[in-house]
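Protein chains in written order, with our numbering: chain A, 8 to 354; chain B, 8 to 354; chain C, 8 to 354.
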Amino acid sequence: MPVLSLKALAERLGGSPEGDPEKLIEGIAPIEKAGEGETSFIANSKYLKYVQASRAGAIIIDKKTLLEGKNLIRVADPYFAFFQCLQLFYPQTPLYEPGIHPSASLDPSVKLGKSVAIRQSVVIEKNTRIGDGVIIAPQVFIGADCEIGEGTLIHARVCIRERTMIGKRVIIQSGAVIGGDGFGYVQKEGVWCKIPQVGNVVIEDDVEIGANTTIDRAVLGSTIIGRGTKLDNLVMVAHNVTIGEHSAVAAQAGFSGSTKVGHHALVGGQAGFAGHLQIGNHAVIIAQSGVTKDLPDDSIVSGFFARPHRDELRIAAYLKELPELIPRIRKEIKTLNRTNPISHPSL
Amino acid sequence: MPVLSLKALAERLGGSPEGDPEKLIEGIAPIEKAGEGETSFIANSKYLKYVQASRAGAIIIDKKTLLEGKNLIRVADPYFAFFQCLQLFYPQTPLYEPGIHPSASLDPSVKLGKSVAIRQSVVIEKNTRIGDGVIIAPQVFIGADCEIGEGTLIHARVCIRERTMIGKRVIIQSGAVIGGDGFGYVQKEGVWCKIPQVGNVVIEDDVEIGANTTIDRAVLGSTIIGRGTKLDNLVMVAHNVTIGEHSAVAAQAGFSGSTKVGHHALVGGQAGFAGHLQIGNHAVIIAQSGVTKDLPDDSIVSGFFARPHRDELRIAAYLKELPELIPRIRKEIKTLNRTNPISHPSL
Amino acid sequence: MPVLSLKALAERLGGSPEGDPEKLIEGIAPIEKAGEGETSFIANSKYLKYVQASRAGAIIIDKKTLLEGKNLIRVADPYFAFFQCLQLFYPQTPLYEPGIHPSASLDPSVKLGKSVAIRQSVVIEKNTRIGDGVIIAPQVFIGADCEIGEGTLIHARVCIRERTMIGKRVIIQSGAVIGGDGFGYVQKEGVWCKIPQVGNVVIEDDVEIGANTTIDRAVLGSTIIGRGTKLDNLVMVAHNVTIGEHSAVAAQAGFSGSTKVGHHALVGGQAGFAGHLQIGNHAVIIAQSGVTKDLPDDSIVSGFFARPHRDELRIAAYLKELPELIPRIRKEIKTLNRTNPISHPSL
């Protein structure tokens, strides 16, 4: 790990130092745990309460928050500076060196790029093409006729079924299953008949896929995860779904068949989508929402059935008051009724 | 792939052709993508908007929808015809040829039927019996004392724990875990004591189980998935659950311990069930429902706590109006109060 | 299996026998299925309806329920007695004998304790330390620099990524992924930049982790599962979460990043937590809750947004009445308006 002065670190982060410019920093840690030689950061005001007691050698903070008596680095975006510090103090090295482990089982027709690492018990089936610099951790399964783009990293125990196309610099976390059969049946006389799922999955460049997430292949055509999109763990993507570029999907969210999500969408954890929907670009789906209708660009929705989050909050506010409000309304009407001999109290 | 005239294809599908009966069709594709030589289909009216611009050589459609100037095949159930076309144009071949890969590790006591395919790194433990024509993809684990029925297909990286009984023609998608310990503890002086889970899982004939789905074994007796039932991905089936025959369960749904579901039930995605419930035959559980009570046959429920869907929709309609309605009621009462000198405005 | 008289079994369970004290019992079974030589138990009053028709040789039941004409064992806690019976009638033996299977691939730097069992195709990477009596089932992956404490049992196909610390007597069900990268990105000009996840996961003693559950490693520091805590299947624990000691988390629940849960908490299935929350000790989170705020000790919450369960039930009661109530209120106001010539009917 490198050691930098406060001044030098501030420069690297594009920020301005406050306090002792020569203070030496050799790492980064959470505010509650950072020691003398470490910088910390405040990216969420919830953690300001830890600042006074913190032993951190420096604190990365935004340009507005009042804070004195500490070595600071003032930056426009403390969370981005945190990211920069992690890159700086924890330089990443490849998980495995190039080479094919003897216990890996590759069909003779598999085409390998340069500097590929393939680890123990990996199975790769016929006609699959592996790009330059790809790393495949132990126990991964890759079916026939797949393509894995340059620089992609596949963690231990991932399963990629036949005909899946994976782009460049993709990262797939352990346990993910890509290209399993879509869930398609048609009922005939009370019995489900399985519809052959003859399509595939396309994962574009720079996508990341979380642990134990499942992405089913299309019945026809492709299920598509757009460039730069990130899926968290235990997400379900059904057949023929398309998720646009640069979107992010939190854990345990689920997309039913043929739904299309725009680019730069944000999907909260445990949210669910009905099938055959069109979800706009930059849409924000709050956690646990149940989306049953198309959504225009820039929508922010929550609840079940999902509606504009602003409306949902207003409804939630009234809901909260209901146990107090309804009896009061009833009472008021009774009072009015009592003073009005013609009407009769019916509530 | 076969090539058929419109007339011949219509005959195969039990439908009637409209347009050029000699038009040659050699495949099937979605309406937006189908080319000259392909048929498409309209099974959901949402896709009618693509019909006019479609280059499809033919369109499979129901008997009522008005549509002119296109080659059509009119059928009673376009989705079923779609299924028939997939079978016709994509004849399925076995995923693997029979044979035992040398890297598979079978206990000497394992009994194998005829024409079994067992692929790389598969582990099968003692006394397990594998039926004729079973296909076991790479990296599958099957514990001791299991039984796998004829013609069953187990995809890569499935895990089947000891004593699991699996019927005929079952399909298990990658990453599923069948027969893991049920989640059973009893608390003693603030500490959880693990209750031995000594039962098993029984999967009846013609069941399909989705990727990364988990089915726990019973504490005593069996957790049972009934004949012909289909479970999607990431479904949770707790110990001692029974799901009846020919039901379908969408992704990420979860069943708590000892709940019993009838036959021909439909369970939506992310729905959850409390334990020890009785859910009737042909019940329909809308996505994201939280079911906390027994349900009679033919129930249709939604919401949390799940109630009849009709009621839930009515409640949702009133909920939506609440932010407008409550202030209006308040105002009205104020007006009445103002015109009524005896009562006092309390809202 | 042992055979005991009713009297002897009652003594073992700390209960009192009723009926024939010499009745021989040689097993335990559910009330609907128990035969002559088996005891059953009633731990949930839902099952009382099966008592009269039951052929069970004895029934374990609480001290209050009226029941005659049956051999009984009266105990303070029938569920705990059930647990005792399972231990008694199904003595557990280790899943595998000690020994290293030749197909396992251990880095030469791996340090093994005494009496370790390591099965087929297991991969263990450099510097990992395995304690005495650890059992590692087939196809498990354990990354570099991990520690696995004494007596821990790791079921088939578990994945443990680098630097994970696992305590003593931990049980990990199949398919779990421990130590995958946390879901952390920072957006820069519309593109997600991956934040290196340089922390780890710490699993304390006596924890159990369910099938296909995922526990992500911390961005910095540790994601922690406290001593004695039990996680069910398909649970998601994000980076930097801490779950306190002796808590229990039902299937498909999810915890967002940096949330801290106290000890002896109970979390229902499919419940979700926003990030950076503090959840108190002994908190009870009802199934499917969406928790968005800190919760004090001993909270019982439900709903979305989660609120005290008592309030949620009251709101639910009013909600249910809404479709009847609102029209009645409207009608009442109309009647009052009609009898009051000054105001005007506006609803």
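Even glycine gets a Cβ: it sits at the ideal position worked out from N, Cα and C.
Collapsing the DSSP output to three states places residue 330 of chain A in a helix.
Neighbours of residue 146 of chain B in chain C, taken as residues at a C-beta separation under 9 Å, are given in chain order as 128, 146 and 164. Sequence-ordered contacts of the segment 244 to 255 of chain C with chain B read 253 and 255 [C-beta pairs closer than 7 Å]. Within chain A, 90 and 93 have C-beta atoms less than 7 Å from the C-beta of residue 202 of chain C, given in sequence order. When the alpha-carbon of residue 161 of chain B is set against those of B:133, B:124 and B:152, the nearest one is in B:124.
Residue B:283 holds the alpha-carbon nearest to the alpha-carbon of residue 53 of chain C among B:230, B:316 and B:283. Only 322, 324, 325, 326, 328, 329, 332, 335, 336, 338, 339, 340, 342, 343, 345, 346 and 347 from the segment 322 to 351 of chain B bring a Cβ to less than 9 Å from some Cβ of chain C. 8 Å or more divides the Cβ of residue 259 of chain B from the Cβ of residue 285 of chain B. The secondary-structure analysis by DSSP pairs residue 315 of chain A across a beta bridge with A:308.
Contact annotation: in the segment 270 to 286 of chain C, residues whose CB is within less than 7 Å of a CB in chain B are 271, 276 and 277. Within the segment 45 to 70 of chain B, those residues whose Cβ lies closer than 7 Å to any Cβ of chain A are, in chain order, 51 and 53.
Taking a beta-carbon distance threshold of 8 Å, residue 27 of chain C does not count as an interface residue toward chain A. Each of A:137, A:164, A:158 and A:169 was checked against the Cα of residue 152 of chain A, and the nearest Cα belongs to A:169. Counting only residues of its own chain and dropping the five nearest sequence neighbours on each side, residue 270 of chain B has a CB closer than 7 Å to the CB of 233, 251, 252, 253, 254 and 288. Of all residues in the segment 176 to 187 of chain C, only 180, 181 and 182 come within less than 7 Å of chain B when Cβ atoms are compared, listed by chain position. Between the segment 89 to 101 of chain C and the segment 19 to 35 of chain C, the count of C-beta pairs closer than 8 Å reaches three or more; the two stretches touch. Cβ contact annotation for residue 343 of chain C (same chain, cutoff 6 Å, sequence separation greater than five): none. Note that the C-beta distance between residue 182 of chain B and residue 144 of chain B is not below 8 Å.
Interface with chain C (8 Å Cβ-Cβ cutoff): residue 288 of chain A is excluded. Around the beta carbon of residue 9 of chain A, a 10 Å sphere encloses fewer than 16 other beta carbons of the protein chains shown; the residue is thus reported as exposed.
Listed along the chain, the chain A residues whose CB falls inside 8 Å of the CB of residue 190 of chain B amount to none; the nearest CB is some 17 Å away. Between residue 89 of chain C and residue 48 of chain C, the C-beta spacing is below 8 Å. With a cut-off of 8 Å on Cβ pairs, the segment 98 to 118 of chain A is not in contact with the segment 218 to 231 of chain C, counting fewer than three such pairs.
The straight-line gap separating the alpha-carbon atoms of residue 212 of chain B and residue 267 of chain C is approximately 45 Å. Contacts with chain A at 8 Å (Cβ-Cβ) include residue 195 of chain C. Residue nearest to residue 131 of chain A within the set A:73, A:80 and A:155 is A:155 (criterion: CA-CA distance). Around the beta-carbon of residue 100 of chain B, fewer than 16 other beta-carbon atoms lie within 10 Å, marking it exposed.
Residue 121 of chain C is outside the set of residues whose beta carbon lies under 8 Å from a beta carbon in chain B.
Within the same chain, Cβ atoms closer than 6 Å to the Cβ of residue 114 of chain C are found at 132 and 133, the five residues on either side in sequence being excluded. The Cβ atoms of residue 257 of chain A and residue 275 of chain A lie closer than 8 Å to each other. Runs of the beta strand (DSSP E) lying entirely within the segment 243 to 269 of chain B, each at least 3 residues long, are absent. Within the segment 36 to 104 of chain C, the complete alpha helix (DSSP H) segments at least 4 residues long are 85 to 96, listed from N- to C-terminus. Only residues of its own chain outside the window of five on either side were considered, and among them 117, 149 and 153 have a CB closer than 6 Å to the CB of residue 135 of chain A, listed in chain order. Distance from the CA of residue 207 of chain B to the CA of residue 329 of chain A, rounded to the nearest whole angstrom, comes to 47 Å. At a beta-carbon threshold of 9 Å, none of the residues of chain C lie near residue 20 of chain A; the nearest stands roughly 13 Å away. When rounded, the separation of the alpha-carbon atoms in residue 281 of chain A and residue 296 of chain B is 13 Å.
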